[in-house]
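To keep things clear, I will list the structure first and then write my remarks on it.
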Amino acid sequence: LSLKTQARVFIIFAFILAFETLFLVSKLSFETSSDYGRPSSSTPNNAVPSSDPHDIGKILPDGTVTFTPEEFRAGRPEKYVNLPNVPIDPDRDEAVHILMREAVPPPAENLLHEAPTPPGANAIVGLASYPQFMDGWRKLVGSLRTNGYDGHIIVGVNPAIPEEERHYLDRMGVTYYAIEVANCTASIMDGVSDAGKNAVRAKCSRGLEDFKLEWGRFEMARRWLNACESCTGWSMVIDTRDIFFQADPFASLGDPTTTTTEAVSSRSDLLFVEEIAKYSNTMLMPEMSHRAVNLGESGRYKIHVNPCYGKEKVRAHELMDRPMLCSGTVIGTRDGIHRFLSVLVDEFRINNAKGPLCRSPTTTDQWTMNYLYYKGKFGFVRHTKTLPWGTGPVLTVGKPCVNSAIGKNGNSQNDMIVFDEDSGLILNPHEREGNIARVAPTLHQWDRCRKWINPWFREHKQLYMRKDRPEDEPAVTWVERN
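Numbering-wise (the working numbering), the sequence shown opens with residue -3 and increments by one.
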């Protein structure tokens, strides 16, 4: 062959080799991106986000990527992060660790009933000290037990709880403490505004007179969980009035007691639940941006934290695109939830000592928690996650159920709620079909949706009762054996 012909053959061969290489790289890239797009059925891992400057969201001076909504919208939920807006601080980790090692006092409340130890090690914990709450117990406790949850349920109740409610809770395997309302220590009432009929911001409980009930419930949970030696799995500290379960809330999270090196290094032991934000709404109803709220845009956030911490320290403008975190459904392992409660309660003590502008009702639980999170005050950032709205164990439906553009008739909308066509159950809109969390395990803030959800409850009674009358409800098996 002539030199010219040889050169042509060489060029053709090089082109074919390059094409095959490109094909293999593209195939590998496609397979990898498919894995990224597959929703995980366990706790989100600590995957490093994309380094593409168009995808990485917020970057701190030390190079830390703090927020990647683009990853979530692109179908790569395992690469989504929403980290505090400050550099990781090892000194803060140590300070938190010191708090966690402090001795936890025993519960201050009278233990009315200690249920037999259940088969499961997970725990649901909350305050529900209403004078009468049978319908609420059936929706809260009944939906847990009917849908297969076999762990602990620990609650605070009214000291004069009706006998029929006690009978129901006993048969459902619930441990409960009596919450005796008491006047608060004079120092924490000094200079604060009248909370009116909102008792949780006006009264304290016996034994915790230095905390309004709104804050004291977190100290109660800290002590109750510490006293529960068999509560070694996941725990969720909850609001009790407006929560309902369609499935075991912890089923998608995996076993938190796994001790392999890989599991321990990648595990998130504290999980905050996001309310609907602009980025998680754009995938559902982008034309209705008012149906979602970002933390930095919220006037309520600034009203409740600026007076205490100061506008220049709060820097709400740096959180204009960040999701709001819900204080009524916080999830953690035994260590993780203890970390959360220890830090939050310590902050409440500090704020009570600062003066009226830092006390309840001026500074409230949810806004304090959000401030602490985005300032990195819970420590151990790489083991703390926020879960995007529409995914995971909890679906917060309050904001989506309200359309402020309609005015006074804007409550109880269901146009942003996704229902399963066959069962009628409420779905996590951002979970894929077949995922264990596709049916939203927990519905929170359902009371904003009363007009449509009350008929829905009646149509789905099998989700929270086996018998029409609560007195006829069969006991859970481990109570029957005892």
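Backbone N, C-alpha and C define an ideal beta-carbon position, used for all residues, glycine too.
Quiz item: Quick one, which of Thr171, Gln458, Met96 and Leu280 has its alpha-carbon nearest Gln106's?
Solution: The residue you call residue 106 lines up with position 110 of the sequence shown. What sits at residue 106 in the sequence shown is Asn, not Gln. Restricting attention to Thr171, Gln458, Met96 and Leu280, the CA atom closest to the CA of Asn106 is found in Thr171.
Self-check item: For Tyr76 and Leu13, the rounded distance between their alpha carbons
Solution: Position 17 of the sequence shown holds residue 13. Position 80 of the sequence shown holds residue 76. With a pLDDT of only 40 at Leu13, under 50, the local geometry of the prediction cannot be trusted, and no value is derived from it.
Quiz item: Smallest Cα separation from Arg454: which of Arg134, Met96, Leu108 and Asn348?
Solution: Position 458 of the sequence shown, counted from the start, is the residue given in the question as residue 454. Ranking Arg134, Met96, Leu108 and Asn348 by Cα distance to Arg454 puts Arg134 first.
Practice problem: Kindly give me the distance between the Cβ atoms of Gly328 and Ser231, rounded to whole angstroms, as I take these residues to be in contact under 8 Å. | Solution: Residue 328 sits at position 332 when you count from the first residue of the sequence shown. Residue 231 sits at position 235 when you count from the first residue of the sequence shown. About 6 Å separates the beta carbon of Gly328 from that of Ser231, a gap short enough to meet the 8 Å contact definition.
Quiz item: According to DSSP, what are the bridge partners of Pro319?
Solution: For this step, residue 319 is matched to residue 323 along the sequence shown. The partner list for Pro319 (beta bridge, DSSP) reads Asn290.
Exercise. Would you check if the segment 328 to 341 and the segment 284 to 296 touch, i.e. whether three or more CB-CB distances between them fall below 8 Å?
Key: No, the segment 284 to 296 does not touch the segment 328 to 341.
Exercise. Under 6 Å Cβ to Cβ from Ser38, same chain only, skipping five residues before and after it: list those, please.
Key: Indexing the sequence shown from 1 puts residue 38 at position 42. In this prediction, Ser38 has a pLDDT of 35, which is less than 50 and means its spatial position is unreliable; nothing more can be read from the coordinates.
Exercise. Thinking Leu439 and Phe240 are a contact (beta carbons under 8 Å), I'd like their distance in whole angstroms, please.
Key: Against the sequence shown, residue 439 aligns to sequence position 443. Against the sequence shown, residue 240 aligns to sequence position 244. Right, their Cβ atoms sit about 5 Å apart.
Quiz item: Could you give the uninterrupted runs of the alpha helix (DSSP H) lying entirely in the segment 188 to 255, keeping only those of 4 residues or more?
Solution: Within the segment 188 to 255, the complete alpha helix (DSSP H) runs of at least 4 residues are 209 to 223.
Quiz item: Among Leu209, Leu266 and Ala119, which has the Cα closest to the Cα of Leu79?
Solution: Indexing the sequence shown from 1 puts residue 79 at position 83. Comparing Cα positions, the closest option is Leu266.
Quiz item: Leaving out five residues before and five after Glu314 in sequence, what residues of the same chain have Cβ atoms less than 6 Å from its Cβ?
Solution: For the purposes of this step, residue 314 is identified with residue 318 of the sequence shown, where counting begins at 1. Residues of the same chain with a CB within less than 6 Å of the CB of Glu314, apart from the 5 flanking positions on each side, are Asn81 in chain order.
Practice problem: Let me know the secondary structure DSSP gives Gly403 once reduced to three states. | Solution: For the purposes of this step, residue 403 is taken as the residue at position 407 of the sequence shown. Three-state DSSP puts Gly403 in a helix.
Exercise. Within its chain, find whatever has a CB closer than 6 Å to the CB of Tyr275; leave out the 5 residues flanking it on each side and keep chain order.
Key: On the sequence shown, position 279 is the one that residue 275 refers to. Listed in chain order, the non-local C-beta contacts of Tyr275 below 6 Å within the same chain comprise Pro65, local neighbours out to five positions each way being set aside.
Quiz item: Between which two residues does the beta strand (DSSP E) containing Val390 stretch?
Solution: Within the sequence shown, the letter at position 394 stands for residue 390. Where Val390 is concerned, the enclosing beta strand (DSSP E) stretches over Val390 to Thr392.
Practice problem: Express the C-alpha separation of Cys227 and Glu210 in angstroms, rounding to a whole number. | Solution: Here the question's residue 210 lines up with position 214 in the sequence shown. Here the question's residue 227 lines up with position 231 in the sequence shown. Going from the Cα of Glu210 to the Cα of Cys227 covers about 24 Å.
Quiz item: Taking DSSP as the reference, what is the three-state secondary structure of Phe344?
Solution: For the purposes of this step, residue 344 is taken as residue 348 along the sequence shown, with counting starting at 1. In this structure, DSSP gives Phe344 a helical state, which the three-state scheme calls helix.
Quiz item: Among the residues of its own chain, which have a CB less than 6 Å from the CB of Lys447, if the five just before and after it don't count?
Solution: One-based indexing of the sequence shown puts residue 447 at position 451. So the qualifying residues of the chain are Ser408.
Self-check item: From Arg444, Leu321 and Arg162, residue whose alpha carbon lies closest to that of Glu110
Solution: Taking the sequence shown and counting its residues from 1, the one referred to as residue 110 is at position 114. Comparing alpha-carbon positions, the option among Arg444, Leu321 and Arg162 lying closest to Glu110 turns out to be Arg162.
Quiz item: My guess is that Tyr370 and Arg318 are in contact by the Cβ rule of under 8 Å, so how many angstroms apart are they, rounded?
Solution: Start at 1 with the first residue of the sequence shown, and residue 370 comes out as number 374. Start at 1 with the first residue of the sequence shown, and residue 318 comes out as number 322. At roughly 7 Å, the Cβ-Cβ gap stays under 8 Å, so Tyr370 and Arg318 are in contact.
Self-check item: C-beta atoms of Pro384 and Pro73 nearer than 8 Å
Solution: Translated into the one-based positions of the sequence shown, residue 384 becomes position 388. Translated into the one-based positions of the sequence shown, residue 73 becomes position 77. In contact: Pro384 and Pro73 (Cβ atoms closer than 8 Å).
Practice problem: Return the chain-ordered list of same chain residues with a C-beta closer than 7 Å to the C-beta of Ile449, the five sequence neighbours on each side being excluded. | Solution: What you label residue 449 is simply residue 453 of the sequence shown in a count that begins at 1. The residues are Trp442.
Quiz prompt | Rounded separation between Ala99 and Gly324 - CA only | solution = Numbered from its first residue, the sequence shown carries residue 99 at position 103. Numbered from its first residue, the sequence shown carries residue 324 at position 328. A direct Cα-Cα distance of roughly 25 Å separates Ala99 from Gly324.
Quiz item: Does the Cβ of Ala217 have 16 or more other Cβ atoms within 10 Å, making it buried, or fewer, making it exposed?
Solution: Looking up residue 217 in the sequence shown gives position 221. Ala217 counts as buried, since no fewer than 16 other beta carbons sit within 10 angstroms of its beta carbon.
Practice problem: Name the two residues that bound the continuous beta strand (DSSP E) containing Lys381. | Solution: Numbered from its first residue, the sequence shown carries residue 381 at position 385. For Lys381, the enclosing beta strand (DSSP E) has its first and last residue at Thr380 to Leu383.
Quiz item: Where DSSP assigns a beta bridge to Val435, which residues make up the other side?
Solution: In the sequence shown, the residue the question calls residue 435 occupies position 439. BP columns for Val435 point to Leu423.
Exercise. Could you pull out every residue in the same chain whose Cβ sits closer than 6 Å to the Cβ of Val310, ignoring the five residues on either side in sequence?
Key: To locate residue 310, count along the sequence shown from 1; it is residue 314. Residues Val301 and Asn302 of the same chain have their beta carbon placed closer than 6 Å to that of Val310, with the five preceding and five following residues left out of the count.
Practice problem: Let me know the secondary structure DSSP gives Ile449 once reduced to three states. | Solution: Along the sequence shown, one-based indexing puts residue 449 at 453. Here Ile449 sits in helix by DSSP.
Quiz prompt | CA-to-CA distance, Asn347 to Ile184, given in whole angstroms | solution = Along the sequence shown, one-based indexing puts residue 184 at 188. Along the sequence shown, one-based indexing puts residue 347 at 351. In a straight line, the C-alpha of Ile184 is about 10 Å away from that of Asn347.
Practice problem: Just grab the DSSP bridge partners of Val177 for me. | Solution: Locating residue 177 in the sequence shown gives position 181, counting from the first residue. Bridge partners of Val177 according to DSSP: Ser201.
Self-check item: Reduced DSSP secondary structure (H/G/I, E/B, other) of Asn366
Solution: On the sequence shown, position 370 is the one that residue 366 refers to. In the structure shown, Asn366 sits in a helix (DSSP, three-state: H, G or I).
Practice problem: Go ahead and label Gln242 buried or exposed: buried means 16 or more other beta carbons lie within 10 angstroms of its beta carbon, across all protein chains shown. | Solution: Locating residue 242 in the sequence shown gives position 246, where the first residue counts as 1. Buried is the call here.
Quiz item: Using a Cβ-Cβ cut-off of 8 Å (strictly less than) and excluding sequence neighbours within five positions of Phe26, which residues of its own chain qualify?
Solution: Here residue 26 refers to the residue found at position 30 of the sequence shown. Confidence is the limiting factor: at Phe26 the pLDDT is only 29, short of 50, which leaves the residue's position unreliable, though a coordinate-based value still follows. Excluding residues within five positions, none has a Cβ falling inside 8 Å.
Self-check item: Bounding residues of the beta strand (DSSP E) (the contiguous stretch that carries Thr62)
Solution: The sequence position of residue 62 within the sequence shown is 66, counting from 1. In the DSSP assignment, Thr62 falls within the unbroken beta strand (DSSP E) covering Val61 to Phe63.
Exercise. Just list the alpha helix (DSSP H) runs in the segment 98 to 159, keeping only unbroken ones of 4 residues or longer that don't cross its boundaries, in chain order.
Key: The DSSP assignment places 130 to 133 and 139 to 142 as complete runs of the alpha helix (DSSP H) inside the segment 98 to 159, in order along the chain (cut-off: 4 residues).
Exercise. Enumerate in chain order the residues of its own chain whose CB-to-CB distance from Lys23 is below 8 Å, with the five nearest sequence positions on each side excluded.
Key: Looking up residue 23 in the sequence shown gives position 27. Any reading at Lys23 is ruled out, since the residue's pLDDT is 32, under 50, leaving its predicted position unreliable.
Quiz prompt | Candidates Ser248, Met168, Lys404 and Thr392: closest to Asp238 by CA position | solution = Your numbering for residue 238 matches position 242 in the sequence shown. The shortest C-alpha separation from Asp238 is found at Thr392.
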